[in-house]
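Colleague: Numbering of the sequence shown is given in this note's numbering, commencing with residue 7 and proceeding in unit increments. Every residue gets a Cβ at the ideal spot worked out from N, C-alpha and C, and that includes glycine. Quantities reported herein were computed from a predicted structural model and do not represent experimental measurements. One structure is given below, represented as structure tokens, and several questions about it will come after.
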Amino acid sequence: MKTFLRLRGIKWVAMLGIAVLLSISLLTWTGESVRAQEEDLITKAELIAKIVDYFKWPHPNQYNDIWKYQVPAKKFKDVKTEDPYGMQIEAAYEEGIIGPDENGNFNPNSPITREDAAVIFVRAFKIPESTRPTGYEDDYMISEEARGSVYALVELGCMKGRTETQFMPKAYITKDEVDEVFNAILNTVTPPVYALPRQNYTAPRRYVKLYCADPGATIVYTTDGTDPRTSSTAKVWNLAVNGHLGFEQLAPGEVNRKVVIKAYSYKQGLLPSQVQTFVWYLYRPAAGSVNFGHRKILDKTPTRPAVYAIWNDADSVRPMMWYIEGQERGILFDAGQTSASVLSLKEYIDTYIATKPYDVVIGHSHGDHAAQIPNFINAGHKVYCNKRDWPGLVGGFFGPLLPDPADQAKVIDLDWGDKLELGGCTLYVYALPGHSNGNIILQDKVNGLIFSSDIYGCTRAGSADNVGVSGVKADLLLSLVQQVYSSYLKEGGKVTMLFTGHDETPLEDLNLKLFEAALQQVMDYGEAACTPTLRGNRDAPGSRTTMIGDMWYDNTHWISLKLAGIIGDNTEYLTRIDEQGINYNEPNGYLKYSVLSNIEFEGAELVGTKVTWANPVTITWAGQEITIENALPNMFNPWVYDYTIRVPRGRSEITVIPTTMSRRVTSIKVNGQEVGYREKVRVSVSDGSVITVEVVAPDGVTKSTYNFTVEME
Ligand SMILES: [Zn+2]
């Protein structure tokens, strides 16, 4: 049991405030006046902020871990999260360093006694309490619950009396004294190991991060319950190399598991930290033991569809399904991980959600997004799945989801340019390879709703969900991502809410920008922009990953994309075209990007070309052998240099917006005139005229020239 620090008898101090308090010179002990100046004292809030900022304990609002909601956020009655230092105070409460007084308050603006500060320091640094008296004359005045802490800090030489003979435990600690104690501790003991996620809730899977406030310290840990100081199984923690420790493999039939990590830290010249024991409980209901759940995200209006989130807690990766319903029809986007033979999602939707007939769209055919297809096919629902993802339905990692040739024959291909009419709203269809070859995205342009399945990743901290993009080269993916985004905005389209395959709540336009930026930094800085995967035990160590933000501190505003290969290996994760003498995978190859990744026109339409990102695949489908191309027609291809653009007859000027693959290019010229990255350039046009775009790479040498021939129509 934890006993929380309670400040005794100074409740009124908070009400009066420090200034009043000082003016009546309360701070007088044993006849000696220690009337401190107001600015010399530190408030409880300031002390906690100082400590939390040092340890970097995140506030629960700073990470997107859905399982944290099992326990109510720890709140003081007199502290709001948005108060000055509110985040830090609540984070310290979560870490068990502080607790409420008998009225549920923290009294953030009150000063803090020397002995109470000692208790906070000892808890934060996990210093063992001592029973050795201080030797000060007023030792007897130290309260029972602060004694072990004061004794420990005095014994370590980290805290001294106010005078030669007096400790003055009840005097308020000054800022200078706090700095002295803090520095003395940092020069004496290694800061202890902390762990994320916090241990007070269960989840079906956990990725654990151990961290120490001193970056120069070494963390040693065990996962088998043995003492890391002596165990032969002890390992050195290295987040940069190994990522988080993954604990997610609940064996078939297993619903509970206890994960124990013991860890300590050490640093040359300092005392090692105490061993901390962290315990997490994994729990996942047996398949079929719990039904699906759902939550309405958006109400239906005459011009907006209703949107519902659907999930099943028995699913190991808890994919999200989205039911979207307009005035006349509905769409179920993705069909989950729950086996069709265990539960029927159709029955669930028919019973609890749908008020109109509906069809099913599979965002991508991985087994955690398509498992319920057979139940819908059997009941006569239309089921759409992009052809390039059909191989996933008859084979792949999750095994055949749709083995029956008669069922396969009923699946309808869906691709970029298609539209689904729901009554009062239209869903536009896009395709973006990366996570899978046939990933489909739906957009409601009017309301700015984007349904993307897994292609844009997921921000859930609990599962360290980076998304793999190995199906396509990273530079080509950047180009396609930009082209898809440009298409979202066409015809007055908006982007306001992004519904992913594993986020319980919609993300924002910012997440699409982060996805692009994560790829962009690799084009701008090459391998130097890559970091190893966060997913220890699952991805190969050092898997080449590009990341923006931190999943423990940036809530949903972070992204992690796993590219192909291992950092430093020779996997070709960037484009190589031998006929053009291009290989960006060479050392410093990224400095040779002289290509455009996107080109947008206002007042003209690009006649695109075919973009192929992977080899064709041959499968047996509905009893026949078919070959499926991994290509999109009518796209801008960065390595094709001649295009036609269609301009309505009578127009004499259009706008060109060039986007270069590298933001570090030496020069961009439109019709010979130097322009900026993504600058809107007005250009005169006539039938047959040619617009040239010349790009010189960051290396100052490599150059590409594009010709766009105007065709008036
Ligand atoms: Zn998924």
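With DSSP collapsed to three states, give me the class of Gln527.
Modeller: Helix at Gln527.
Colleague: As a quick exercise: from His387, Glu585 and Lys568, pick the residue whose alpha carbon is nearest that of Tyr579.
Modeller: Nearest option by C-alpha distance: Lys568.
Colleague: By the three-class DSSP mapping on this structure, what secondary structure does Asn115 have?
Modeller: It is coil, neither helix nor strand.
Colleague: Please give the ranges of any alpha helix (DSSP H) in the segment 80-134, keeping only runs that are unbroken, at least 4 residues long and fully inside the region.
Modeller: Whole alpha helix (DSSP H) segments, 4+ residues: 92-100 and 120-130.
Colleague: Quick check on the DSSP output: the alpha helix (DSSP H) that includes Glu186 runs from which residue to which?
Modeller: Element bounds for Glu186: Lys181 to Leu192.
Colleague: From the DSSP output, in three-state form, read off Val487 for me.
Modeller: Of the three classes helix, strand and coil, the one that applies to Val487 here is helix, per DSSP.
Colleague: Can you say whether Ser690 is buried or exposed, counting buried as having 16 or more other CB atoms within 10 angstroms of its CB?
Modeller: The residue is exposed, with fewer than 16 neighbouring Cβ atoms inside 10 Å.
Colleague: When burial is assigned at 16 or more other CB atoms within 10 Å of the CB, is Tyr146 buried or exposed?
Modeller: Classification of Tyr146: exposed, given that the 10 Å Cβ count is below 16.
Colleague: Can you tell me which residues form a DSSP beta bridge with Lys686?
Modeller: None, per the DSSP bridge assignment.
Colleague: Using only the alpha-carbon positions, how far apart do Val475 and Asp340 sit?
Modeller: Roughly 19 angstroms separates the two Cα atoms.
Colleague: Counting only the same chain and skipping the five closest in sequence on each side, list residues whose C-beta sits under 8 angstroms from that of Ile588.
Modeller: Taken in chain order, the residues that qualify are Thr581, Arg582, Lys598 and Trp645.
Colleague: Use the C-beta contact count for Lys425: other C-beta atoms within 10 angstroms, 16 or more gives buried, fewer gives exposed.
Modeller: Label assigned to Lys425: exposed.
Colleague: Helix, strand or coil for Leu722, going by three-state DSSP, please let me know.
Modeller: One cannot answer for residue 722 here, as it falls past the ends of the chain, which runs 7 to 719.
Colleague: Just verifying my parser: in three-state terms, what is the DSSP assignment at Ala535?
Modeller: Residue state, collapsed to three classes: helix.
Colleague: Note down the Cα distance separating Tyr462 from Asn244, rounded to an integer number of angstroms.
Modeller: So the two alpha carbons sit approximately 27 angstroms from each other.
Colleague: In or out: Glu606 buried (at least 16 other Cβ within 10 Å) or exposed?
Modeller: So Glu606 ends up on the buried side.
Colleague: Whose C-beta lies closer than 6 angstroms to the C-beta of Met503 among residues of the same chain, with five residues either side of it excluded?
Modeller: So the qualifying residues of the chain are Leu455 and Pro512.
Colleague: What are the boundary residues of the beta strand (DSSP E) that His300 is part of?
Modeller: Residues Gly299 to Leu304.
Colleague: Taking only three categories from DSSP, how would you classify Lys56?
Modeller: Helix at Lys56.
Colleague: Please give the ranges of any alpha helix (DSSP H) in the segment 206-274, keeping only runs that are unbroken, at least 4 residues long and fully inside the region.
Modeller: Here the runs fully enclosed are 245-248.
Colleague: Does Asn604 pass the burial test, meaning 16 or more other C-beta atoms within 10 Å, or should it be called exposed?
Modeller: So Asn604 counts as buried.
Colleague: For Glu150, is the classification buried or exposed, using 16 other Cβ atoms within 10 angstroms of its Cβ as the cut-off for buried?
Modeller: Exposed.
Colleague: Which residue comes first and which comes last in the alpha helix (DSSP H) that contains Asp419?
Modeller: No alpha helix (DSSP H) contains Asp419, which DSSP labels as neither H nor E.
Colleague: Report all residues from its chain with a CB closer than 6 angstroms to the CB of Thr618; omit the five preceding and five following residues, and keep chain order.
Modeller: These residues qualify, in order along the chain: Ala637.
Colleague: Rounded to whole angstroms, what is the Cα-Cα separation between Arg211 and Asp71?
Modeller: Looking at the two C-alpha atoms, the distance is approximately 11 angstroms.
Colleague: Given that a residue counts as buried once 16 or more other Cβ atoms are within 10 Å of its Cβ, and exposed if not, what is Gly398?
Modeller: It counts as buried.
Colleague: How about Pro325: is its Cβ closer than 8 angstroms to a heavy atom in ligand 1?
Modeller: Yes; taking the cut-off as 8 angstroms, the Cβ of Pro325 has a heavy atom of ligand 1 nearer than that.
Colleague: Using a Cβ-based criterion (distance less than 8 angstroms to any ligand heavy atom), does Asp413 qualify as near ligand 1?
Modeller: It does not: the Cβ of Asp413 is nowhere closer than 8 angstroms to a heavy atom of ligand 1.
Colleague: For Glu100, count neighbouring C-beta atoms within 10 Å of its own C-beta (all shown protein chains included) and say buried if the count is 16 or more, exposed if not.
Modeller: When all chains shown are included, Glu100 counts as buried.
Colleague: Helix or strand or just coil, what does DSSP make of Asp584?
Modeller: Correct three-state label for Asp584: helix.
Colleague: Within 8 angstroms: the Cβ of Ile507 and any heavy atom of ligand 1?
Modeller: The sequence given here has Gly at residue 507, not Ile. Answer for Gly507: yes, Cβ within range of ligand 1.
Colleague: For the segment 604-675, list the beta strand (DSSP E) runs that are entirely contained and at least 3 residues long, ordered along the chain.
Modeller: Qualifying beta strand (DSSP E) stretches, in chain order: 611-613, 615-627, 630-641, 648-653 and 659-666.
Colleague: Let me check understanding here. Comparing Cα to Cα, which of Phe82, Arg120 and Tyr91 lies closest to Glu108?
Modeller: Checking every option, the nearest Cα to that of Glu108 belongs to Phe82.
Colleague: Using the C-alpha atoms, what's the distance from Asp356 back to Glu719?
Modeller: Spanning the two alpha carbons is a distance of roughly 50 angstroms.
Colleague: From which residue to which residue does the beta strand (DSSP E) around Asp450 run?
Modeller: From DSSP, the beta strand (DSSP E) with Asp450 extends over Ile446 to Asp450.
Colleague: Within 8 angstroms: the Cβ of Asp395 and any heavy atom of ligand 1?
Modeller: Asp395: no, Cβ never under 8 angstroms from ligand 1.
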